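Heads up: the sequence lines are chains A and B, in that order. Oh and the first sequence: position 123 is 123 in UniProt numbering, straight run, nothing missing. Oh and the second sequence: position 276 is 276 in UniProt numbering, straight run, nothing missing. For reference, the structure is listed below as structure tokens.
Number of protein chains: 2
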Amino acid sequence: MAQVTEPSRSQPATLSDVARLAGVSIATASKALNGRSQVRAETRQRVIDAAERLSFRPNQLARGLLAGRTGTVGLLTSDLEGRFSIPILMGAEDAFGAGEVAVFLCDARGDAIREQHHVRALLGRRVDGLIVVGSRTDPRPSLGRELPVPVVYAYAPSEDPADLSIVPDSVGAGRIAVDHLLACGRRRIAHITGDPGYLAAQERAEGARSALADAGLALVGEPRFGVWSEGWGRAATAMLLDQHPDVDAVLCGSDQIARGVMDVLRERGHRIPEDVAVMGFDNWQILTSASRPPLTSVDMNLEQVGRAAARALFSAIAGTRRSGIETLPCRVVIAGSTAPLS
Amino acid sequence: MAQVTEPSRSQPATLSDVARLAGVSIATASKALNGRSQVRAETRQRVIDAAERLSFRPNQLARGLLAGRTGTVGLLTSDLEGRFSIPILMGAEDAFGAGEVAVFLCDARGDAIREQHHVRALLGRRVDGLIVVGSRTDPRPSLGRELPVPVVYAYAPSEDPADLSIVPDSVGAGRIAVDHLLACGRRRIAHITGDPGYLAAQERAEGARSALADAGLALVGEPRFGVWSEGWGRAATAMLLDQHPDVDAVLCGSDQIARGVMDVLRERGHRIPEDVAVMGFDNWQILTSASRPPLTSVDMNLEQVGRAAARALFSAIAGTRRSGIETLPCRVVIAGSTAPLS
DNA sequence: GAAAGATCCGAAAAGGTTTTCTGAGACGCT
DNA sequence: AGCGTCTCAGAAAACCTTTTCGGATCTTTC
């Protein structure tokens, strides 16, 4: 089916080609195309026409070599399949693409050796900066202070406070989730969440606890840590209902857990949201919209995290470096699984 | 929380720095580091030591400028959120990362203007080639034959048969799915699938039909086209059971549809897989493993598609261009939702 | 008519690397 | 001693663009 044909490529036009066609020197051609003022209008037009006819594109390599800045950045992810990396990556790509910056994508697959390899390769290509995207919010080792270009850590903060990290506000996320449930009139709120080894799980639980404390309340039972799966959501809900059949809201650590929770609630005859409100985390569209009813969830605004990281890297490249961990607020996306008690 | 500090960066070491420190000329330093033979062993070691002390990394811009090849490729996606782009992108990144090729990531967000813009920018950076990743298998407009670098289309083939495209074998996928169900002893097989405007939906249905025909059988009713959602899976299953209560297998156009199908089957008292076998498409781990029972699904081997595209681009850059549409086989990943009839 | 100023163009250097070519020693042979 | 050969080091060109500076031409003014 596929056929082999002769390769036929012509070299891209160079500035001296343009200059020759326009009958001017290379210097004049450059000035004409870059809008410099020392060119007569008529000459400039001739050069522009010539460039058009040759479909000339200035060689960014030569330009970068001369300018010392390449207009490229490295985007270092630890795992592309992780669904948290992708939105961040999109936000960053978006923020850069708007400017004239191109993005090198490197996936270290969670391997420190591979990461080091990629960093070296990127530095060899003289990127102007790096963004390191993690797959969970637990702090990760710094790339080091000796790098010749600025680095911004996104989602997973650096362990070194001298680095700049941009992360979602997990504690605040727990708070606003509970605030929403309280606003719905719920008072007997349980929390079923994932792996206690994840900082995000701990911080969200902490935020939830403190928001309840502010209202003079407490969780129904302790936070139930487990794993990030539907199966755990189902199992934990069964136990919860046995111990506290009067619960009127369940805050879940992820949308997947929430799905498991909803299944068991429904099977046991609890109506959602009339009897029990359910909230998820991550606002994973594919899960929230397919739920019955659609799931209220906390969105971490990961695209914004990516964009903020990109902007921070921009300023760092321009000379204004910041350091420390900067948090961005999350938001509650309300759907059918939560509603005021009637 | 975040603090502002003074920027402090030092220029990366250059080859002439190394040469000066080693007490040789630039030419000799270059030859020493690149393993060229015209250098005495003792001199070479002196240069290597000097390079090490300065942590010298050759400037790839300069190297690319000279060599005419930059060792970079552009990866042009149409939508990053699409879950099909990501595995392809991973495969490609993987295949390139193993060599010394760096990948520019560009997301056109399904916009032709933006795509054109990215192509021009990438050509300005003198990429050695392009991979265009689509979000569905329907043919898409070619970037054109006049590009100065080779292009490979992945997942979404180019409309121009002179281009090279790498796509999963959707017809074959339908065939192997049915073959698996037949091997399980199923004979009354229905097909509930998604948007009929998607070529993938048509081709899979076609493959399923032809595999059944080969066995002297036919689908139970016509393929039921709808949308790619759980809701449609539920609705279609209800209709199906009303018309054909004796169905013993449902082949679904996606894992999401399969989830909906399974929910209604279970609610209506059909055991899976004892009474009815269910198969999905895409092998989306998060859905297949969370199903009850886990879902048998057809995997499109998208990482392999990405890797194959990367390799094809490699050979094209080396001079061996192919053209036409090349298909890669899919595979059935068996789980609990299909089993032999007892 | 000459000096001064304005306007436009081109030569050349810089950026960092690789490669080719030339040259300088060292060594062996007659 | 003279010649050829071999090994190793360096000079210089090439890749492509931008910018600075000097020079050339033309216009204006006294």
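C-beta: ideal position from N, C-alpha, C; glycine also. Note that the structure is a prediction, hence the values are computed from the model and not measured.
Shown in chain order are the members of the stretch 99–110 of chain A whose Cβ falls below 9 Å from a Cβ of chain B: E100, A102, V103, F104, L105, C106, D107, R109. Taking 7 Å as the Cβ-Cβ cut-off, the UniProt domain "HTH lacI-type" (13–67) of chain B approaches chain A at R57, P58, N59, Q60, L61, A62, G64, L65, given in chain order.
The three-state secondary structure of H270(B), taken from DSSP, is coil. Counted as a single uninterrupted DSSP element, the beta strand (DSSP E) harbouring T77(A) occupies residues 72–77. Within 10 angstroms of the beta-carbon of R268(A) lie fewer than 16 other beta-carbons, which makes it exposed.
Nearest CB-CB separation between E203(A) and chain B: not below the 8 Å threshold. DSSP lists no beta-bridge partner residue for D275(B). For F314(A), the enclosing alpha helix (DSSP H) begins and ends at 302–318.
In this structure, V101(B) keeps its C-beta atom at 8 Å or more from the C-beta atom of L130(B).
Between V152(A) and A309(A), the C-beta gap is smaller than 8 Å, which places the two residues in contact.
G23(A) and F56(A) have their alpha carbons spaced roughly 16 Å apart. The beta carbon of L240(A) sits closer than 6 Å to those of A190, all from its chain and outside the five residues before and after it, given in chain order. Taken through DSSP and simplified to helix, strand or coil, D49(A) comes out as helix.
At least one beta carbon of chain B lies nearer than 8 Å to the beta carbon of L123(A). Using a Cβ-Cβ cut-off of 8 Å, S229(A) counts as an interface residue toward chain B, since at least one Cβ of chain B sits closer than that to its own.
By the CB criterion at 8 Å, W228(B) and G194(B) fall inside the cutoff.
With fewer than 16 other Cβ atoms from the protein chains shown falling within 10 Å of its own Cβ, H244(A) counts as exposed.
H118(A): member of the alpha helix (DSSP H) spanning 112–124, first to last residue.
Look at E203(A) here: in three-state DSSP terms it is helix.
For F225(B), the closest alpha carbon among the candidates G216(B), D214(B), D248(B), A201(B) is that of A201(B). As the crow flies, the alpha-carbon of A249(A) is around 7 Å from that of L181(A). DSSP places D169(B) outside any beta strand (DSSP E), giving it a letter other than H or E.
Around G97(B), the beta-carbon contacts reaching into chain A at under 9 Å are C106, D107, R114, H117, H118, A121. In the structure shown, S30(B) falls within a helical segment according to DSSP collapsed to helix, strand and coil. Under the three-state reduction of DSSP, S291(A) is assigned to coil, being neither helix nor strand.
Looking at the DSSP output, H191(B) sits in a beta bridge with L251(B). Counting every other CB atom within 10 Å of its CB across the protein chains shown gives Q60(A) a total of 16 or more, marking it as buried. Around the beta carbon of P273(B), 16 or more other beta carbons sit within 10 angstroms, so the residue counts as buried.
Taking 8 Å as the upper bound for CB-CB distance, S289(B) and D255(B) are not in contact here, some 10 Å apart. Inclusion of S165(A) and G82(A) in the CB contact set at 8 Å is not warranted, their separation being larger than that value. Rounded to whole angstroms, the Cβ separation of A211(A) and G174(A) is 7 Å, and the two are in contact under 8 Å.
Straight across, the Cα-Cα distance linking G221(B) with I192(B) is about 10 Å. Residue contact check for P196(A) against chain B: no CB pair falls below 8 Å. C106(A) and S16(B) have their alpha carbons spaced roughly 30 Å apart. Distances from the alpha-carbon of R266(B) to those of A29(B), A67(B), A238(B) put A238(B) closest.
Beyond the five residues adjoining it in sequence on each side, S78(B) comes within less than 6 Å, by CB distance, of A108, G110, G134, S135 in the same chain, given in chain order.
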